[in-house]
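In what follows, a single structure is set out as structure tokens and then discussed.
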Amino acid sequence: RGLLQGSETNRAMPPQRIHPPRGLSIVDCTLREGEQFARAAFSSEQRLEIARRLAAFGVETVELTSPRASPRAASDFVRIAALGLPVRIAAHVRCDPGDVDAALAAGARALHLFFGTSRALQQHSHGRNVDELIAMARAVVPVARAGADLVRVSCEDAVRTPVRDVRKVAQALEDLGGDRVGLADTA
């Protein structure tokens with residue numbers, strides 16, 4: 004609580020800047036994942052302060068919730084992007100043209116696209132097989148690539164996805180000009 008309440012101690016002690024080894028970059032998802040537990044909710048002002056502190060700390064990329072998640076998420080996204088911090092602002096969005104357009108319009112410089120690749124998610128979430136997911140990516144990644152500095156596609160629930168399917172998605176992403184593949188372990 005004190006960290007974001009602006010206590011005297013925290014104002015007097017700015018965060019220590021880190022210097023990651025060459026080739027290593029830090030993608031921080033506090034402003035997305037940090038609110039995914041019981042009773043966690045940052046105010047808009049807290050979100051701005053967290054972004055400032057992450058930038059001061061030396062994080063390369065700050066990942067935010069999709070602007071399409073809610074009106075407040077959209078507003079906070081625009082405000083954080085407008086701060087002009089020395090970080091790349093990334094949007095964690097579905098592999099969906101509307102999500103990509105909203106993220107780019109809100110100021111995203113990186114797009115972290117995701118879709119569920121495990122059999123369980125194919126069956127119980129979106130109803131698409133891996134070939135259909137790749138077809139979606141073929142329609143979305145070029146648009147993302149044209150508007151963002153960096154495009155990552157994540158296989159959601161990758162630990163339960165057959166390795167051949169993960170490889171297939173990774174190869175398709177490379178062929179489409181994507182930059183990174185993410186292997187998320189959650190469903």
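If you're matching positions, the sequence shown starts at 4 in the numbering used here and goes up one per residue. Glycine is no exception: its CB is placed at the ideal position from the N, C-alpha and C atoms. Source: prediction; values computed, not measured.
DSSP-derived helix/strand/coil call for residue i
i, result
"T33", "helix"
"S46", "coil"
"L88", "coil"
"L67", "strand"
"G191", "Because the chain is modelled from 4 through 190, residue 191 falls outside the range shown and cannot be assessed."
"S157", "strand"
"A173", "helix"
"R97", "strand"
"L27", "coil"
Residue i, buried or exposed, once every other Cβ within 10 Å from all chains shown has been counted against 16
i, result
"D188", "exposed"
"S78", "exposed"
"S157", "buried"
"G181", "buried"
"Q125", "buried"
"G5", "Interpretation of G5 is limited by its pLDDT of 40, a score under 50 that renders its predicted location unreliable; no figure is taken from the coordinates."
"D134", "exposed"
"R71", "buried"
"A15", "Only weak support is given to the placement of A15: the predicted model assigns it a pLDDT of 48, under 50, and the value that follows is read from those uncertain coordinates. So A15 counts as exposed."
"A43", "exposed"
"R167", "exposed"
"V81", "exposed"
"S47", "exposed"
Rounded Cβ spacing between residue i and residue j (contact assumed at less than 8 Å)
i, j, result
"L88", "A109", "15 Å between Cβ atoms; not a contact."
"R155", "L179", "With a Cβ gap of about 12 Å, R155 and L179 do not count as contacting."
"L186", "A161", "4 Å"
"A147", "L114", "4 Å"
"E63", "R97", "23 Å between Cβ atoms; not a contact."
"I83", "L107", "15 Å between Cβ atoms; not a contact."
"D152", "R112", "5 Å"
"A94", "L67", "6 Å"
"L27", "V65", "Not really, about 16 Å apart at Cβ, beyond 8 Å."
"S121", "R75", "About 31 Å separates the two Cβ atoms, so there is no contact after all."
N- and C-terminal bounds of the beta strand (DSSP E) containing residue i
i, result
"L136", "Looking at the DSSP string, L136 is not in any beta strand (DSSP E); the run it does join, the alpha helix (DSSP H), is V133 to G150."
"H115", "A113 to G119"
The segment 94–109 touching the segment 143–155, judged by at least three CB pairs closer than 8 Å: Taking 8 Å as the limit for Cβ pairs, the verdict is that the segment 143–155 does touch the segment 94–109.
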